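So the structure is just underneath, and the comments pick up after that.
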Amino acid sequence: MAIILDHVNHIYGGDTEMAVAALKDVCLTIPDGQFIGLIGHTGSGKSTLVQHLNGLLKPTGGAIYYNGRDIHDEDYNKKELRSKVGLVFQYPEHQLFEADVFSDVCFGPKNLGLTKKETELRAYQALRQVGIEKEYFYQSPFDLSGGQKRRVAIAGVLAMQPEVLVLDEPTAGLDPKGRDEILDQVAKLKEETGITVILVSHSMEDVAKYVDRIIVMNHGSVMFDDVPREVFRHYRELEQVGLAAPQVTYIMHELRNAGLNVDPEATTLEEAKAEILRALGKR
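Sequential numbering from 120 applies to the sequence shown in the working numbering.
Rendered as structure tokens:
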């Protein structure tokens with residue numbers, strides 16, 4: 120079943136002179152099993168939007184439906200919703216607080232009322248899914264590297280066995296190796312479980328490589344919503360709002376302008392390689 124945002128608006132400080140419209144008439148449908156990239160300049164409404172998906176924020180106007188029900192109905196179970204729509208914040212320290220890694224990941228399933236055995240089994244499976252080795256299970260989460268903290272924070276959400284995983288800038292501040300490791304793990308998890316993944320990112324390369332669909336936010340509104348190739352076709356418009364296409368797209372346009380008959384809309388290294396080899400083969 121889908122998440123549906125029906126003409127959602129959100130205004131911060133609505134009763135003051137400092138009122139800011141963070142979301143403006145947003146209409147989206149997020150079906151099961153998609154890998155979605157959510158991009159936009161700082162202040163475009165990305166983080167506000169994802170905090171509406173599990174009811175952390177309530178819209179000023181419009182409605183949000185999960186599995187056909189308005190999540191802000193009086194009798195709606197928000198606790199159950201947050202076990203199904205899991206949000207991993209940009210800074211993992213915001214979600215880590217127990218004395219050791221294993222206890223931290225146990226926290227969510229334990230609060231679902233599961234038995235100790237089931238709780239610990241879920242925590243173990245989740246930590247293994249994100250690539251945390253047993254030697255780290257009983258260390259303080261605050262002694263881990265930045266990349267390891269991100270993995271533990273993701274494991275804490277996965278242990279709830281959500282149907283939707285929302286990752287808000289999960290690779291911010293990580294080196295390229297750490298970034299690739301985390302996103303490769305997320306992609307593998309999606310393939311194995313069919314979970315819906317929403318990736319908030321500033322990296323156009325990451326978005327182009329991993330996602331099926333891109334939603335571009337601009338000043339609280341949806342600017343584009345399409346497959347990566349179609350979105351990055353509008354790279355000039357993206358530049359005007361502080362974004363860009365992946366670097367490989369610019370390189371392909373330069374090769375095309377230099378006379379090599381390549382498709383300039385390639386968005387990943389693999390696509391670019393295939394196009395260049397095809398064009399050179401024709402020569």
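Positions of the beta carbon are idealized from the N, C-alpha and C atoms, including for glycine.
Keep in mind it's a predicted model, so treat the numbers as computed, not measured.
Across the stretch 358-370 and the stretch 308-328, are there enough close Cβ pairs to call them in contact, namely three or more that are closer than 8 Å?
yes
Notebook entry, point to check: Any idea which residues DSSP pairs TYR131 with across the strands?
Noted result: VAL139
Q) Which whole-angstrom value is the C-beta distance of PRO281 and ILE314, which I expect to be below 8 Å? A) 7 Å
> Looking at the unbroken beta strand (DSSP E) that takes in GLY181, where does it start and where does it end?
Replying inline: 180-185
- Query: Nearest CA to the CA of LEU302: which residue from ILE149, GLU136 and PHE154?
  - Reply: PHE154
| request: For PHE343, write down the residues that DSSP places opposite it in a beta bridge. | output: VAL335
Measuring straight from C-alpha to C-alpha, what distance separates ALA274 and LYS309? 14 Å
**OP:** Starting from the C-beta of PHE221, find all residues in its chain whose C-beta is less than 7 Å away, skip the five residues before and the five after it, and write them out in chain order.
**Re:** ALA242, PHE256 and TYR257
inquiry  = I'd like to know whether the C-beta atoms of LEU318 and LEU176 end up nearer to each other than 8 Å.
reply    = no
- request: State the beta-bridge partners of LEU124 as determined by DSSP.
  value: LEU147 and ILE183
| task | Please confirm whether MET323 and ALA363 have their CB atoms less than 8 Å apart. | result | yes
ask   = Enumerated in chain order, which unbroken segments of the alpha helix (DSSP H) with a length of 4 residues or greater are wholly contained in the stretch 217-263?
value = 220-229 and 235-248
Query - 8 Å Cβ shell around VAL341 - same chain, five flanking residues per side excluded - result: VAL145, CYS146, LEU147, ILE334 and VAL335
### Task
Below 8 Å CB to CB, which residues in the same chain sit around GLU394 once its five sequence neighbours on both sides are set aside?
MET371, VAL381, ASP382 and ALA385
### Message
So for LEU215, helix, strand or coil by DSSP?
### Response
coil
When you compare the stretch 210-220 with the stretch 257-268, are there three or more beta-carbon pairs, one atom per stretch, that lie closer than 8 Å?
yes
Between the C-alpha atoms of GLU71 and HIS129, what's the straight-line distance to the nearest angstrom? The structure shown has nothing for residue 71, since the chain only spans 120 to 402.
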